[in-house]
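S.K.: Please see the structure below; I have some questions.
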Amino acid sequence: MTQQAVDAGGRVTTSVSSVVDTNTYQSGLGNEFETEALPGTLPIGQNSPQKVAHGLVSELMSGTTFGAPRALNRRSYLFRIRPSVQHSKFEQVASKNFLTPPFTLPAAPLDYCWGPFRTSEASVDFIDGLATICGTGSPHSQSGVAFHAYSATASMRDRVFGNADGEMLIVPHIGGLHLATEYGILDVYAGEIAVIPRGVRVRVELLDGYAAGFVCENFGLPLRLPELGLVGSNGLANVADFKIPVAAYEDHDGAVQWTQKFAGNMWNCEVDHSPLDVVAWRGSLYPYKYDLHRFVGMGTSTVDHPDPSIFCLLTSPSDPILGPNFDIMAITPRWVVGDHTFLAPGFHRNCVTEFIMLLQGQFGGLEPGSTTLTNSYTPHGPDAETQGTLRDAVLGPMKVEDQLMLLFETRFPVQITDFANSVLPAVEGYSKQWDGIPKRFGQ
Ligand SMILES: [Fe+2]
2 MTQQAVDAGG
12 RVTTSVSSVV
22 DTNTYQSGLG
32 NEFETEALPG
42 TLPIGQNSPQ
52 KVAHGLVSEL
62 MSGTTFGAPR
72 ALNRRSYLFR
82 IRPSVQHSKF
92 EQVASKNFLT
102 PPFTLPAAPL
112 DYCWGPFRTS
122 EASVDFIDGL
132 ATICGTGSPH
142 SQSGVAFHAY
152 SATASMRDRV
162 FGNADGEMLI
172 VPHIGGLHLA
182 TEYGILDVYA
192 GEIAVIPRGV
202 RVRVELLDGY
212 AAGFVCENFG
222 LPLRLPELGL
232 VGSNGLANVA
242 DFKIPVAAYE
252 DHDGAVQWTQ
262 KFAGNMWNCE
272 VDHSPLDVVA
282 WRGSLYPYKY
292 DLHRFVGMGT
302 STVDHPDPSI
312 FCLLTSPSDP
322 ILGPNFDIMA
332 ITPRWVVGDH
342 TFLAPGFHRN
352 CVTEFIMLLQ
362 GQFGGLEPGS
372 TTLTNSYTPH
382 GPDAETQGTL
392 RDAVLGPMKV
402 EDQLMLLFET
412 RFPVQITDFA
422 NSVLPAVEGY
432 SKQWDGIPKR
442 FGQ
């Protein structure tokens with residue numbers, strides 16, 4: 002539920018969760034930040050001094066090519082206890098369900114709909130609890146995405162994970178996650194999202210003993226805020242609502258397993274200390290989180306239903322005409338109005354592929370945690386009952402109070418995995434929902 006309060010400064014704050022995140026964060030996205038857990042760590046006027054304060058070492062981490070345009074350039078300097086090069090030899094290990102496209106099943110114009118994924122196994126951590134539903138492209142082409150579900154019953158212990166293949170958009174559905182990263186702490190709860198850039202190491206701990214949700218692995222251009230164009234300088238996701246961790250370091254010795262995903266395979270090595278030992282950092286590459294309920298939605302004030310692009314929260318661009326590598330649309334509680342208008346998305350066949358996650362509330366009678374996949378030009382729209390009801394409805398302002406969904410779009414055809422085909426529970430009758438729409442022509 003959305004709650005409003007007035008803080009000590011007299012500002013009205015909006016919150017949708019009873020959970021209060023007491024961590025300290027910086028605000029913004031695309032900014033250059035600097036943060037230090039020990040005063041006097043950050044060098045002044047340079048990033049690679051001959052000797053770093055407190056006996057630390059300087060390490061550069063780049064997220065874009067060095068010559069990328071200034072506004073899109075992403076890189077940070079990490080001032081850490083030991084350099085990341087200190088680890089044992091990587092050995093390849095198998096991964097059961099956390100997979101990388103391409104897959105064996107053909108991309109298909111079918112109406113896919115699945116119920117929630119819940120593991121029945123004990124002591125499964127976040128990484129081992131990842132199961133790939135579908136995907137497209139590949140890390141080799143640095144294009145495309147993979148959509149995964151996770152279901153975890155244990156925190157990662159003495160283990161960190163880095164993903165050289167893609168940035169990880171984490172979408173909790175049940176249970177909070179404590180993300181201990183090289184850049185500091187992000188606690189993320191249902192109703193929020195977090196993004197871990199490519200290569201950044203993280204240890205995922207469960208705040209509630211059990212956690213389930215989704216991960217989108219983006220092989221393409223890093224996610225960024227969409228341009229607002231004629232919308233103007235306000236609206237959609239506000240820059241100030243993105244939360245960036247402050248530096249926090251671990252200084253302890255002992256064996257830690259570092260699992261690295263690289264070119265579609267999993268590799269393990271051992272580090273004899275915590276790799277989360279960054280005392281200070283500065284730069285434009287960092288993890289972040291965002292509360293979906295802060296999204297400032299737009300809509301018509303006259304007639305007709307706008308395109309879902311008005312819900313764009315973040316984008317990984319690809320082609321300006323054919324579509325994105327990966328767009329994230331935030332569909333949150335909102336007012337719906339319009340004169341003589343069908344007040345829901347109508348029937349459509351789009352050039353892009355759509356992947357929907359229902360996180361909370363109602364959508365087509367599905368259980369929260371359900372997902373749908375609609376490849377390009379596969380027709381879809383309101384079910385028979387909704388179409389009949391809304392067609393005859395007496396129109397007035399309508400508040401959609403209880404609905405939280407993410408819609409992912411990609412220009413590419415998406416293949417499902419064997420896991421999605423045979424393990425993830427398919428929703429019976431989903432493809433039959435339109436059969437009852439009557440022929441009204443001539444009546
Ligand atoms: Fe659609």
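First residue of the sequence shown: 2, per this note's numbering; consecutive thereafter. Heads up, the beta-carbon is just placed ideally off N, CA and C, and yes, glycines get one too. All values reported here derive from a predicted model rather than from experimental measurement.
1. Exposed or buried, what is GLY68 when buried is set at 16 or more other beta-carbons lying within 10 Å of its beta-carbon?
2. Would SER423 be called buried (16 or more neighbouring beta carbons within 10 Å of its own) or exposed?
3. Can you give, in chain order, each stretch of the beta strand (DSSP E) that sits fully within the segment 176-258 and has at least 3 residues?
4. If I measure Cβ to Cβ from ASP242 and keep anything under 8 Å in the same chain, skipping five residues before and after, which residues do I get?
5. Between the segment 36-44 and the segment 271-278, do at least 3 Cβ pairs fall closer than 8 Å?
6. Can you grab the Cα-Cα spacing for the pair ALA6 / LEU111, in whole Å?
7. Say yes only if the C-beta of THR375 is nearer than 7 Å to one or more non-hydrogen atoms of ligand 1, and no if none qualify.
8. Residue range of the beta strand (DSSP E) that ALA421 falls in?
9. Ignoring anything shorter than 3 residues or poking outside the segment 286-341, list the beta strand (DSSP E) runs there in chain order.
10. What is the C-beta distance between ILE171 and ALA195, in whole angstroms, given that I count them as a contact (C-beta under 8 Å)?
11. Using C-beta distances below 7 Å, list every residue in its chain close to ARG81, excluding the 5 sequence neighbours before and after it, in chain order.
12. Please go through the same chain and pick out, in chain order, the residues whose beta-carbon is closer than 6 Å to the beta-carbon of SER371, but skip the five residues on each side of it.
13. Please confirm whether any heavy atom of ligand 1 lies closer than 7 Å to the CB of PRO346.
14. Between GLU445 and ligand 1, is there a pair consisting of the residue's CB and a ligand heavy atom that are separated by less than 7 Å?
15. Which of the three DSSP states is assigned to LYS433 in this structure?
16. Rounded to whole angstroms, how far is the Cβ of VAL247 from the Cβ of GLY185, which I believe are closer than 8 Å?
17. Restricting to Cα atoms, I'd like to know which of ALA72, VAL125, SER144 and GLY163 is closest to THR411.
18. When you compare only the Cα positions, how much space is there between LEU405 and PHE348?
19. Which residues in the same chain as ALA264 place their Cβ atom closer than 6 Å to its Cβ, once the five residues preceding and following it in sequence are excluded?
20. Identify which residue in PHE220, LEU30, LEU237 and VAL297 has its Cα closest to the Cα of PRO1.
21. Name the DSSP bridge partner or partners of GLU168?
22. Who are the Cβ neighbours of PHE215 in its own chain at under 6 Å, not counting the five residues just before and after it?
23. Let's see if you can read the secondary structure: which residues bound the beta strand (DSSP E) around THR446?
24. Does the distance from the CB of ILE128 to the CB of ALA421 come in under 8 Å?
25. Quick one: does the C-beta of ASN351 sit closer than 7 Å to a heavy atom of ligand 1?
26. Mapping DSSP to helix, strand and coil, what is GLU386?
27. Out of MET330, GLY382 and ALA108, which has the shortest C-alpha to C-alpha gap to PRO346?
28. Can you give me the start and stop residues for the beta strand (DSSP E) that CYS135 sits inside?
29. What is the DSSP secondary structure of ILE150, counted as helix, strand or coil?
M.R.: In short:
1. Translated into the one-based positions of the sequence shown, residue 68 becomes position 67. Counting Cβ neighbours within 10 Å, GLY68 comes out exposed, since fewer than 16 surround it.
2. Counting from 1 along the sequence shown, the entry for residue 423 is found at position 422. Looking at its Cβ environment, which holds fewer than 16 other Cβ atoms inside 10 Å, SER423 is exposed.
3. 178-182, 185-189, 193-197, 203-207, 212-219 and 243-246
4. Counting from one through the sequence shown, the residue named residue 242 turns up at place 241. So the qualifying residues of the chain are SER28, TYR291, ASP292 and ARG295.
5. no
6. The count along the sequence shown starts at 1 and reaches residue 6 at position 5. The count along the sequence shown starts at 1 and reaches residue 111 at position 110. Low local confidence applies: a pLDDT of 43 at ALA6 is under 50, so the model's placement there is unreliable, with the coordinate-based value given in what follows. C-alpha separation (whole angstroms): 46 Å.
7. As a first step, residue 375 must be located in the sequence shown, where it is residue number 374. Flag set: Cβ of THR375 near ligand 1.
8. As a working mapping, residue 421 is identified with position 420 in the sequence shown. Note, ALA421: premise wrong, no beta strand (DSSP E); alpha helix (DSSP H) at 419-423.
9. 289-292, 313-317, 327-332 and 335-337
10. Residue mapping note: residue 171 aligns to position 170 of the sequence shown, counting from 1. Residue mapping note: residue 195 aligns to position 194 of the sequence shown, counting from 1. Confirmed, about 5 Å.
11. As a first step, residue 81 is located in the sequence shown; it is residue number 80 there, counting from the start. Excluding residues within five positions, the ones whose Cβ falls inside 7 Å are LEU57, VAL58, GLU60, ASP278, VAL279 and VAL280.
12. Position 370 of the sequence shown, counted from the start, is the residue given in the question as residue 371. The residues are GLY116 and LEU359.
13. Counting from 1 along the sequence shown, the entry for residue 346 is found at position 345. The answer is yes for PRO346.
14. Within the shown structure, residues of the chain are numbered from 2 to 444, placing residue 445 beyond reach of any answer.
15. The residue labelled residue 433 in the question sits at position 432 within the sequence shown. Helix.
16. In the sequence shown, residue 247 corresponds to position 246, counting from 1. In the sequence shown, residue 185 corresponds to position 184, counting from 1. The pair is a contact, with the Cβ atoms about 5 Å apart (cut-off 8 Å).
17. Working through the sequence shown from its first residue, we reach residue 411 at position 410. That would be SER144, whose Cα lies nearest to the Cα of THR411.
18. Here residue 405 refers to the residue found at position 404 of the sequence shown. Here residue 348 refers to the residue found at position 347 of the sequence shown. Cα to Cα, the separation comes out at about 21 Å.
19. What you label residue 264 is simply residue 263 of the sequence shown in a count that begins at 1. Excluding positions up to five away in sequence, the list reads PRO140.
20. Because residue 1 is not part of the residues shown, which for the chain are 2 to 444, the question remains open.
21. In the sequence shown, counting from the first residue as 1, residue 168 sits at position 167. In the DSSP output, where bridge partners are listed per residue, GLU168 has ASN219.
22. The residue labelled residue 215 in the question sits at position 214 within the sequence shown. If we look at PHE215 and ignore the five residues flanking it on each side, its Cβ neighbours are ALA150, VAL172 and MET358.
23. No statement about residue 446 is possible, as the shown extent of the chain runs from 2 to 444 and does not include it.
24. Here residue 128 corresponds to residue number 127 of the sequence shown, with the count starting at 1. Here residue 421 corresponds to residue number 420 of the sequence shown, with the count starting at 1. Cβ atoms of ILE128 and ALA421: not closer than 8 Å.
25. Within the sequence shown, numbered from 1, the residue matching residue 351 stands at position 350. Result yes, Cβ under 7 Å from ligand 1.
26. The sequence position of residue 386 within the sequence shown is 385, counting from 1. It is helical.
27. Here residue 346 is taken as the residue at index 345 of the sequence shown, counted from 1. Nearest C-alpha to PRO346: GLY382.
28. Sequence index remark: in the sequence shown, residue 135 carries index 134 (1-based). From DSSP, the beta strand (DSSP E) with CYS135 extends over 131-139.
29. In the sequence shown, counting from the first residue as 1, residue 150 sits at position 149. Note that residue 150 is Ala in the sequence shown, not Ile. It is a strand residue.
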